[in-house]
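In this note's numbering, the protein residues as written are 528 to 699.
Built from N, CA and C at the ideal position, the CB exists for glycine as well.
Here's the structure we're looking at; comments come further down.
In structure tokens:
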């Protein structure tokens, strides 16, 4: 069974994505071993229909399955690669992102960028994905958690159960 990740959002919704272990084995391995990752997810300004979670991985994957044209539902990992930038251009940014529409990956002043595509959100979730992406674009950042789904695990936590109230009758 292929490994999957879950992207859960504070204002509602959970997206699942299949890891692309054949196309990006090292990226999938390094990221899945360092999950969960949690924090504010932001909407990209320069790329378009992209939402990204800043991360700080202890072990960083090298380029693998690197693309600059992103398709709907792709999940990618991006960081600055030393061989691409001079020391004055490095700002230490590193993200996990998903695309809810086809886009060119580009930075503010750097032009087109390549990123490791390591997971794919299935088409059955694209409507929810677009709803979440549009919500983040219009309403602003919210908390997101990315975690590995193990076989037999639920993709979302159970909602809290209401406690039944106990009424004591007074016997008279």
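Quick check: what's the CA-CA separation for residue 658 versus residue 557?
In the chain shown, counting from the first residue as 1, residue 658 sits at position 131. In the chain shown, counting from the first residue as 1, residue 557 sits at position 30. Whole-angstrom Cα-Cα distance: 29 Å.
Does the Cβ-Cβ distance between residue 647 and residue 602 come in under 8 Å?
Against the chain shown, residue 647 aligns to sequence position 120. Against the chain shown, residue 602 aligns to sequence position 75. It is a contact, given that the beta carbons lie within the stated cut-off.
Enumerate in chain order the residues of its own chain whose CB-to-CB distance from residue 542 is below 6 Å, with the five nearest sequence positions on each side excluded.
Here residue 542 is taken as the residue at index 15 of the chain shown, counted from 1. Once the five neighbours on either side are set aside, the close Cβ partners of residue 542 are 534, 648, 652, 656.
What is the DSSP secondary structure of residue 588, reduced to helix, strand or coil?
The residue you call residue 588 lines up with position 61 of the chain shown. Looking at residue 588 - three-state DSSP - the assignment turns out to be coil, as it is neither helix nor strand.
Using 10 angstroms around the beta-carbon of residue 598, count the other beta-carbons present and answer buried if the total reaches 16, otherwise exposed.
For the purposes of this step, residue 598 is taken as residue 71 along the chain shown, with counting starting at 1. Per the 10 Å Cβ criterion, exposed.
For residue 623, name the three-state secondary structure that DSSP assigns.
Along the chain shown, one-based indexing puts residue 623 at 96. Note: residue 623 maps to strand in three-state DSSP.
My guess is that residue 588 and residue 554 are in contact by the Cβ rule of under 8 Å, so how many angstroms apart are they, rounded?
Within the chain shown, residue 588 is the residue found at index 61, counting from 1. Within the chain shown, residue 554 is the residue found at index 27, counting from 1. Sure, about 4 Å apart at Cβ, within 8 Å.
Can you give me the Cβ contacts of residue 596 inside the same chain, cut-off strictly under 7 Å, excluding the 5 residues immediately before and after it?
Counting from 1 along the chain shown, the entry for residue 596 is found at position 69. The answer, listed in chain order, is 631.
Going by the beta-carbon positions, is the gap between residue 641 and residue 590 smaller than 8 Å?
One-based indexing of the chain shown puts residue 641 at position 114. One-based indexing of the chain shown puts residue 590 at position 63. Their beta carbons are under 8 Å apart, which means residue 641 touches residue 590 by this criterion.
Hey, residue 516 and residue 639 are a contact pair by Cβ (cut 8 Å); roughly how many whole angstroms apart?
Shown here, the chain extends from 528 to 699; a query on residue 516 therefore has no answer.
Identify which residue in 672, 667, 550, 668 has its Cα closest to the Cα of residue 593.
By one-based count along the chain shown, residue 593 stands at place 66. Comparing Cα-Cα distances from residue 593 to each of 672, 667, 550, 668, the minimum goes to 550.
Report the CB separation of residue 567 from residue 672 in whole angstroms; it is logged as a contact under 8 Å.
As a first step, residue 567 must be located in the chain shown, where it is residue number 40. As a first step, residue 672 must be located in the chain shown, where it is residue number 145. No, residue 567 and residue 672 are not in contact; Cβ-Cβ is about 11 Å, not under 8 Å.
I'd like to check one pair, residue 536 with residue 669: are the Cβ atoms closer than 8 Å?
Within the chain shown, residue 669 is the residue found at index 142, counting from 1. Within the chain shown, residue 536 is the residue found at index 9, counting from 1. Cβ atoms of residue 669 and residue 536: closer than 8 Å.
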